[in-house]
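*Asks:* Each residue of the sequence shown is one higher than the one before, starting from 7 at the first, in the numbering used here.
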Amino acid sequence: MTLADDLKFPGDKIGSIEEYVPGRNTYDDGESIRATVIGSSKLDNSEKTANIITQTKISVPEIGDTVIGTVEAVLGSMIVVSMNFINQRRVHNNVECICQTRHLRKKYSALVQDVVIVKIIARQNGTIHGTIDDDDLGVLSTKCRKCFGIVGMMRDAVKCKECGWIDDRKLSSNFGKMDIIPSEKR
Ligand SMILES: [Zn+2]
């Protein structure tokens, strides 16, 4: 069992009051024992307490960290990226960052579901800002916008190997080198 797979959020049920009493970082809502913080649940069967252990570090990136993630949304002037890896470490944090793309002057910097590599540049008001501007940043994996076929790099654009459609993306210099994406197992 990995701790991340067992992550509980505030309000999540971690035990029943018939079996347990609230321990650390938990409360009793009259029916269930629920978490007050983010962490992993620990049911202590000798003391009959239900606890949330918080040393599971919630992985929120620091400025300068490198994130590999999946594009969740493409808005007019930015992309929203959900984080899969921070500095090569798998994370399950449900945290997103946004990258401004307007200045890149590409019609399609990235598409939804593209895998991108991002550098974190700022954290403001709870929003994490990243950039895909540098050469090594940007799209690592994408598909054809017309037919979802496999594409190859053509200068700073991509060309579909199925239908021949040429499209722009903000490509990383590591585009197509999927071995820079760590294995899920780590
Ligand atoms: Zn195509």
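All C-beta atoms in this analysis are idealised placements derived from N, C-alpha and C, irrespective of residue type, glycine included.
Whose CB is closer than 6 Å to a heavy atom of ligand 1? List the residues in chain order.
*Replies:* Residues flagged by the Cβ proximity filter: 150, 152, 153, 155, 166, 168, 169 and 171.
*Asks:* Which residues bound the beta strand (DSSP E) around residue 130?
*Replies:* Looking at the DSSP string, the run of the beta strand (DSSP E) that includes residue 130 is 121 to 130.
*Asks:* Who are the near neighbours of residue 27 in its chain, counting only those whose CB is closer than 7 Å to its CB and skipping five residues on each side?
*Replies:* Cβ neighbours of residue 27 beyond the five flanking positions: 54 and 55.
*Asks:* Closest to residue 141 by C-alpha separation, out of 98, 181 and 59, would be which residue?
*Replies:* Nearest option by C-alpha distance: 181.
*Asks:* What is the DSSP secondary structure of residue 185, reduced to helix, strand or coil?
*Replies:* Residue 185: helix per DSSP, three-state reduction.
*Asks:* With the cut-off set at 7 Å, would you say residue 105 and residue 92 are in Cβ contact?
*Replies:* No, these two residues do not count as a Cβ contact at 7 Å.
*Asks:* Give the DSSP-derived three-state secondary structure of residue 95 in the structure shown.
*Replies:* Residue 95: strand per DSSP, three-state reduction.
*Asks:* How big is the Cα-Cα spacing for residue 171 and residue 60?
*Replies:* If you take the alpha carbons of residue 171 and residue 60, they lie about 49 Å apart.
*Asks:* Would you call the region 32 to 39 and the region 106 to 125 touching, i.e. three or more CB-CB distances under 8 Å?
*Replies:* No, the region 32 to 39 is not in contact with the region 106 to 125.
*Asks:* Is it buried or exposed for residue 175, if we count other Cβ within 10 angstroms and need 16 for buried?
*Replies:* Its Cβ being crowded by 16 or more others within 10 Å, residue 175 is buried.
*Asks:* At the level of alpha carbons, what is the spacing between residue 35 and residue 71?
*Replies:* Answer to the nearest angstrom: the Cα atoms are 39 Å apart.
*Asks:* For residue 163, which residues does DSSP report across the bridge?
*Replies:* Residue 163 is bridged to 160 and 174.
*Asks:* From residue 75 to residue 67, what distance separates their C-alpha atoms?
*Replies:* Each residue's Cα considered, the two are about 12 Å apart.
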